[in-house]
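Read through the structure below, which is laid out as structure tokens, and then see the notes.
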Amino acid sequence: MKNYNYTLNIFVLLFVFMTSAFATAQEDARVIEIKGLNNMTYDKTEIVAKPGEKITVRLTTVTDYKPRQMSHNFVLLKQTADVQSFIAASEKAAVEDFIAPNMRDQVIAYTPMASGGETVEVTFTAPERPSKYMYVCTFPGHFFAGMKGTLTVKE
Ligand SMILES: [Cu+2]
Numbered sequence: 475m476k477n478y479n480y481t482l483n484i485f486v487l488l489f490v491f492m493t494s495a496f497a498t499a500q501e502d503a504r505v506i507e508i509k510g511l512n513n514m515t516y517d518k519t520e521i522v523a524k525p526g527e528k529i530t531v532r533l534t535t536v537t538d539y540k541p542r543q544m545s546h547n548f549v550l551l552k553q554t555a556d557v558q559s560f561i562a563a564s565e566k567a568a569v570e571d572f573i574a575p576n577m578r579d580q581v582i583a584y585t586p587m588a589s590g591g592e593t594v595e596v597t598f599t600a601p602e603r604p605s606k607y608m609y610v611c612t613f614p615g616h617f618f619a620g621m622k623g624t625l626t627v628k629e
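Okay, structure coming up:
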């Protein structure tokens, strides 16, 4: 019985530690909710952040189509990114969840693909440099259908 209690205490301590660590990580990031829609757009195409602000983007895909027909992600690009090349390569990278492996250095942050009813998220630090940064969906055809938006960093 003594051993049992000891083990239980360890688990309780571990649980408390993990949940508090998780809560802290979530609390200091501002959550932006975005929906990926059936018509290949985001319902939010403008995000404004302070330099260095911690942001969580939470993307939910709203569609009745099958995952292979309609999924969305959120990919925030660096200003130096070659957008056309990145999109072209990533659309072909289905096995890598549509992020071209050799072009990850062009990305600030990205979520996995979310199919209908799924929610995915990514937490990142906004760039320090005030400017505009593009975010895109790399599911084939979606960028050219207009699935993009702008993160504006300003004081
Ligand atoms: Cu999409």
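First residue of the sequence shown? That's 475 in the numbering used here, and the numbers climb one at a time after it. Idealized CB from N, CA, C, for every residue including glycine.
Query	Result
Classification of residue 612 by the beta-carbon crowding that lies within 10 angstroms, buried from 16 upward	buried
Where residue 532 sits in the DSSP three-state scheme	strand
Range covered by the beta strand (DSSP E) that runs through residue 596	593-599
9 Å Cβ cutoff met for residue 537 and residue 623	no
Sub-9 Å separation of residue 557 and residue 608 beta-carbons	yes
Backbone CA spacing between residue 599 and residue 542 [nearest angstrom]	31 Å
Residues near residue 502 in its chain [Cβ-Cβ closer than 7 Å; skip 5 each side]	528
Cα-Cα separation between residue 606 and residue 616, rounded to whole angstroms	21 Å
Cut-off 6 Å between Cβ atoms - residues of its own chain near residue 530, not counting five sequence neighbours on either side	503, 505, 595, 597
Residue 560 beta carbon less than 9 Å from that of residue 574	yes
Any residue whose CB is nearer than 7 Å to a heavy atom belonging to ligand 1, listed in chain order	510, 514, 545, 546, 547, 611, 613, 616, 621
Cβ distance (whole Å) where residue 601 is taken to contact residue 547 below 8 Å	Incorrect: roughly 20 Å between the Cβ atoms, too far for contact.
Nearest-angstrom Cα separation, counted from residue 553 out to residue 566	22 Å
The alpha helix (DSSP H) enclosing residue 561, as first and last residue numbers	557-565
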